[in-house]
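Following the working numbering, the numbering of the sequence shown begins with 568 at its first residue and continues without gaps. Structure first, then comments.
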Amino acid sequence: MTEKPRVLIVEPNHKLAAEVSRHLWNAPLVVDTTSTLAGALVRVREFNPDVVAAPVDERFDGEGLCRQLKEIDRGSAVLLAYPNDRSQADQLAEDAGADGWLYLPYNIGALVSCIKWAVRLRDATEQMNQMRNHMDEAALAPSPRGTPQARKVEVEFFKRTLLMEVRRSKRYRYPLAVLCVGVDRFASRLGRLPVHVRTSAMSKLLKVIHGTVRDIDLAVQDGDERFLVCLPQTDQDGARYVGHRLRELLPSNCDDAKITVSIGLAAYDGSGANVSFKGLFQHATGCLERAQKLGGDRLEVLSHS
C-alpha cells in the first residue's frame, strides 16, 4: 500500500488550522500543524513532512520559513499561500525558492491538488537524479562502444518521463518544452574520430547539458549524434534561453573537434489541451532537422497553445 503524503500546515489561527487539518485527513493525507516559525522548524525535523504549507501575510512570514527550509535541505516541498490581492505571487514564490503557491483563503480542493502535485514532482526529480547518476556511471564504464543498451534504456525512460509531464501539463496547465540538440555535420566532425574518442566527446557534451539545466529537467543521449532535453514548467522563452546557452557552451567544451550544434524546440504554453507526447517529440526533432538543413548553428522553434 502506498504511504500517504505527510503534510505540515503552518497556520497562526488555531481554529483555521484545525479545520484545514480535518479536511486534509479526509483527503486522505497525514497532517500535523504548528503556529510559529520556531515550531515549524522543530516539526520539520521531527515529523519529516513531504510538504510544508505556510501563509505569507501580516500574520506569518512564509517566505522566510521557505528560505530557511531550503537552506537546511530536509527534502520537504514548500507551498506558499498569498492573499488573493497580492500581485505577482508566482514570482514572489519563485524568488523565495518555493515549490508552488496558491491564494488565501485556502480552497481545500486546490490545496490537495497542489500537495499531491508537489509530492509527484519531488518523486520524479528523485527518479531523474537516479537516472542521471546511472548515466554518469555508464559514461565512465570502460567499453569500446560505450553502453548502447544503457543508452536505449535511458531514452525509454526519457520518453516515459515526457509522457508523464505532458499529462501533468494538460491537467495542471503549466508550460512544458522539449529540446532536440544535434551536432551539425556529425559525420565529418566527430564521426571521423576513433569510436572511443567520439564516445568520450559525446559523454562530455552530455555532462555540459546536465550542468546547464535544472535538477527537475532531464537530458539523455539519443543515438550517436543528438541529445533530448525535457524542461518541465518552462515556457518557450525560457526554453529558448536554455537552447541558446547550450549553443554557446557545447562547442567551447568539445576539445576533440571543432563543432557547432543546432537545436529544435517544441513548447506547450499550458493554456489548452492541444498537446501530445507524440506531437512534442516529433516537432522537436522536426525543428532540429529544419535547423540543420538551413545550415546549422541555429535554433528552430514550434509552439503549441
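Every residue gets a Cβ at the ideal spot worked out from N, C-alpha and C, and that includes glycine. As the structure is a computational prediction, the values presented were derived from the model and not from experiment.
Looking only at its chain, what residues have a beta carbon closer than 7 angstroms to the beta carbon of residue i, apart from the 5 residues adjacent to it on each side?
i, result
"Phe614", "Arg573, Leu575 and Asp599"
"Leu632", "Val577, Leu604, Ala607 and Ala621"
"Leu596", "Lys571, Pro572, Val574 and Ile682"
How should residue i be labelled, buried or exposed, when 16 other C-beta atoms within 10 angstroms of its C-beta is the threshold for buried?
i, result
"Ile639", "exposed"
"Ser829", "buried"
"Ala665", "buried"
"Ala585", "exposed"
"Arg740", "exposed"
"Leu743", "buried"
"Trp668", "buried"
"Ser819", "exposed"
"Trp684", "buried"
"Arg712", "Caution is warranted here: a pLDDT of 38 is assigned to Arg712, below 50, making its placement in the model unreliable, and no coordinate value can be reported."
"Ser736", "buried"
"Glu815", "exposed"
Leaving out five residues before and five after residue i in sequence, what residues of the same chain have Cβ atoms less than 6 angstroms from its Cβ?
i, result
"Val796", "Leu746 and Ala786"
"Gly862", "none"
"Ser602", "Pro579"
"Glu630", "Val623 and Ala663"
"Phe753", "Glu792"
"Arg687", "none"
Does the beta carbon of residue i come closer than 7 angstroms to any beta carbon on chain D?
i, result
"Tyr739", "No chain D is present in this structure, which holds just one protein chain."
Could you tell me which residues DSSP puts in a beta bridge with residue i?
i, result
"Ile576", "Thr600 and Ala620"
"Glu940", "Summary: the structure shown does not reach residue 940, with the chain confined to residues 568 through 872, and so no result is reported for it."
"Asp789", "Arg793"
"Ala744", "Leu798 and Ala834"
"Phe614", "Looking at the DSSP assignment, Phe614 forms no beta bridge with any residue, so it has no partner."
Within a Cβ cutoff of 8 angstroms, which residues of the same chain sit near residue i, ignoring the five residues on either side of it in sequence?
i, result
"Pro616", "Arg573, Val574, Leu575, Asp599, Arg610 and Ser643"
"Val733", "Leu743, Tyr835, Val842, Ser843, Phe844 and Leu847"
*the stretch 665-679 in contact with the stretch 586-594 per 3-pair CB rule at 8 angstroms*: yes
_Ranges of the alpha helix (DSSP H) found wholly within the stretch 631-657, counting only runs of at least 4_ = none
*State whether the stretch 720-735 contacts the stretch 789-803, with contact taken as three or more CB pairs (one from each stretch) at a distance under 8 angstroms.*
yes
*Does the stretch 757-775 touch the stretch 839-852, meaning 3 or more C-beta pairs lie closer than 8 angstroms?*
no
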